[in-house]
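K.L.:
Using full-length UniProt numbering, the first residue of the sequence shown is number 1, and each one after it goes up by one. Glycine included, every Cβ here is placed at the ideal spot set by N, Cα and C. Okay, handing you the structure first.
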Amino acid sequence: MGHGIKVKCRSNTVLRPQELVIIDAIQRLNLGYYFRDEIGDALRKHYERFEAEEGSHDLHNTALCFRLLRQQGYNVSADIFSKFTDENGNFKQELGNDIKGLLSLYEASNLGVPEDHILDCAGDFSRHLLRNFDSIEPYEASIIQNTLTLPCHKSLPIFMAADFLQKFEISMNLLQGCSRESRWMEEIHNLARIDIKKNQMTAQHEIKEICRWWEELPLPKEQKDTRNQPVKWHMWSLACFQDDIYDIYGTIDELTQFTEAVNRWECVDFDNMPDYMITRLKALFDATNEICHKIYMKHGFNPEKYIRKSWAEYCNECLVQAKWIDSGYMPTTEEYMKSAIGAKGSYIGHVHIFFLLGEGFTDKKCKDLLSSHPDISYLTVRILRLWDDLSSSEDEHQKYDGSVMECYMNEHKGSSLETAREYVFAMISDAWSRVNENLLSTSPFSADFKAVVANFARIIPVMYTYNKNHRLLDQEKHMKPLGHN
């Protein structure tokens, strides 16, 4: 598949800017895994030229090349953008009419690391101008809004590809100055249609399997109803499955007994434990055993003790929060974040991914994963927690379980909810810059592992955008192209 595109990526006759445009289109349409080697070779050559030539003097080409190189793991300097600033360090006002350049600059600004102050300025500059463009076509306004809401680096191509394909020609024209007359555009367009259809079939199969698993669990009907939303939860069903026990059903005594059982990893002493808790314990143990068996068969390593420990840590922190709520205790912001991060099931997902990828297991690596938590794992879970709180993502069935804004306002008497929200947005921005730093730095963990963990942060705005009826509006919108209505 995509033979003509592979030939074009390898060709020495393709103009360098056009090569970058092709790579960007491939990645936006979620086709990167078909062209992994070709993209790697092409960007390696661009990196060598970028450093030697200090990039292009065209804003769009410079920003596009910078973004693609950083996404590939090349730590190119953001100082390349200083050529577009005046003697006071401000971006030149004459750039203000260049929609294509501003869109590329905004996209590039999302790959900043903590010391990249020029990218902070680039983001503010481009965002302000893009929001205030007058006399533009509706399709241009739509593309600008999509870029500001979900920039490439902070979104998942699998959710964005279908929408981008629908607007492929006009998007490529505005973003890259391309026309559909190019043969490579036609080939990419056709390949994307096939790939999206394949992903639809995969998603439909996954949802069908989750629904079957859910229906086979011997739970009371009222408990099935609370999470009978496979589109919403099929990506991390088991964690949500346990989460409801702490958020909705259990008393403190019951939750303490349940948590102790998970720590012991034993189905014993059930005299005072409700039947639904016993059912969920057995489901957790059975699922873990099955996953560990598959990992052992594929990689020759049984990770059971490490996965058990991750579940125990998760349940311990959930119990801490349940006790806070039961006693009416209001934690400090620092206390809340420390516990809330541990009580997020996504970290358990990171542990499973580590073992499923076959990460070159050593005792030190496994212990580092569980005891110190890799920075990129901690940071993506932090982003998840903060987005969760910002979006007020309480189901209609859930009890109030606190938020970082509540803790902040309690510590800073007289501060408003809006001030607290701005504080949280700043924390998310800081966490993202540190995620970027981790993606560019050397680590005992592979680039593949770090990329998958970063995807947890990329899916968060989709998972945690609710409307007033507690429906995941954005997630439902993005899941429709994958074949679920």
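Can you check which of these residues, Asn410, His373 and Gln166, is closest to Phe445 by C-alpha distance?
P.N.:
When each option's Cα is compared against that of Phe445, the closest is His373.
K.L.:
Rounded to whole angstroms, what is the Cα-Cα separation between Arg193 and Leu165?
P.N.:
Between the alpha carbons of Arg193 and Leu165 lies a gap of roughly 8 Å.
K.L.:
Whole alpha helix (DSSP H) runs in the stretch 304-370 with 4 or more residues, listed along the chain?
P.N.:
304-327, 333-342, 346-356 and 363-367
K.L.:
What is the DSSP secondary structure of Phe445, reduced to helix, strand or coil?
P.N.:
Three-state DSSP puts Phe445 in coil, outside helix and strand.
K.L.:
Given a cut-off of 8 Å, decide if Ser391 and Val351 are closer than it, judged by their beta-carbon atoms.
P.N.:
no
K.L.:
For Leu105, would you say it is in contact with chain C, using Cβ-to-Cβ distances shorter than 8 Å as the test?
P.N.:
Within the model displayed, chain C is absent; a lone protein chain is all it includes.
K.L.:
With distances taken between CB atoms, is the gap from Leu379 to Phe449 smaller than 8 Å?
P.N.:
No, these two residues do not count as a Cβ contact at 8 Å.
K.L.:
Would you mind reading off the limits of the alpha helix (DSSP H) that contains Gly101?
P.N.:
Ile99 to Ser109
K.L.:
Beta-carbon within less than 6 Å of Ala78's beta-carbon, same chain only, minus the 5 sequence neighbours each way: which residues are those?
P.N.:
Asp116, Ile118 and Leu119
K.L.:
Can you tell me where the alpha helix (DSSP H) holding Lys294 begins and where it ends?
P.N.:
Asp275 to His299
K.L.:
Between the Cα of Ile307 and those of Asn316, Ile291, Ala322 and Lys198, spot the shortest distance and give me the residue it belongs to.
P.N.:
Ile291
K.L.:
DSSP state of Phe133, grouped into three classes?
P.N.:
coil
K.L.:
What does Thr62 pair with, by DSSP beta-bridge criteria?
P.N.:
Answer is none; Thr62 lacks a bridge partner.
K.L.:
Which residues does DSSP list as the beta-bridge partners of Phe91?
P.N.:
Thr85
K.L.:
If contacts are defined as beta-carbon pairs under 8 Å, then Tyr106 and Leu130 qualify, I think. What distance do you get, rounded to the angstrom?
P.N.:
The pair is a contact, with the Cβ atoms about 6 Å apart (cut-off 8 Å).
K.L.:
Can you tell me where the alpha helix (DSSP H) with Ser403 in it begins and where it stops?
P.N.:
Unbroken run through Ser403: none, as it is neither H nor E.
K.L.:
Can at least three beta-carbon pairs, one atom from the stretch 186-201 and one from the stretch 56-67, be found at a separation below 8 Å?
P.N.:
The answer is no - the stretch 56-67 does not touch the stretch 186-201, with fewer than three Cβ pairs under 8 Å.
K.L.:
Among the candidates Tyr249, Gly402, Leu255 and Phe456, whose CA atom is the shortest distance from the CA of Tyr329?
P.N.:
Gly402
K.L.:
For a minimum of 4 consecutive residues, which ranges assigned as the alpha helix (DSSP H) are wholly contained in the stretch 139-168?
P.N.:
157-166
K.L.:
State the DSSP-derived secondary structure class of Pro17, mapped to helix, strand or coil.
P.N.:
helix
K.L.:
Anyone know if the C-beta pair for Met337 and Arg264 falls short of 8 Å?
P.N.:
no
K.L.:
Decide if Cys407 is buried, meaning its Cβ has at least 16 other Cβ atoms within 10 Å, or exposed.
P.N.:
buried
K.L.:
Where does Cys267 sit, in a helix, a strand or coil, going by DSSP?
P.N.:
coil
K.L.:
Take Leu370 and list the residues in its own chain whose beta-carbon comes closer than 8 Å to its own, dropping the five residues that flank it on each side.
P.N.:
The residues are Tyr306, Lys309, Ser310, Glu313 and Val351.
K.L.:
Can you name, in chain order, every residue of its own chain whose Cβ lies under 6 Å from the Cβ of Pro157, other than the five neighbours on each side?
P.N.:
Asn30
K.L.:
Roughly how many angstroms separate the alpha carbons of Tyr466 and Asp124, rounded to a whole number?
P.N.:
Its pLDDT being 46, under 50, Tyr466 is placed unreliably in this model, and the value from its coordinates should be taken loosely. The alpha-carbon atoms of Tyr466 and Asp124 are separated by roughly 27 Å.
K.L.:
CB-CB under 7 Å to Ile252, same chain, minus the five flanking residues each way: which ones, in chain order?
P.N.:
Ala322, Lys323 and Asp326
K.L.:
On the CB-based measure, 16 or more other CB atoms within 10 Å of its CB, does Glu38 come out buried or exposed?
P.N.:
Its Cβ being crowded by 16 or more others within 10 Å, Glu38 is buried.
K.L.:
So Thr380 is in the alpha helix (DSSP H); what residue range does that whole segment cover?
P.N.:
Asp375 to Leu390
K.L.:
Rounded to whole angstroms, what is the Cα-Cα separation between Gly342 and Ser377?
P.N.:
11 Å
K.L.:
In this structure, how does DSSP classify Asn30 when only helix, strand and coil are distinguished?
P.N.:
coil
K.L.:
Under 8 Å by Cβ, that's how I've got Asn438 and Asp368 pegged, so tell me the actual separation to the nearest angstrom.
P.N.:
Asn438 to Asp368, Cβ: 14 Å. No contact.
K.L.:
Just verifying my parser: in three-state terms, what is the DSSP assignment at Lys413?
P.N.:
coil
K.L.:
Does the distance between the C-beta of Glu19 and the nearest non-hydrogen atom of the ligand ATP fall short of 7 Å?
P.N.:
Absence of the ligand ATP from the depicted structure is noted, as is the absence of any ligand whatsoever, leaving it without description.
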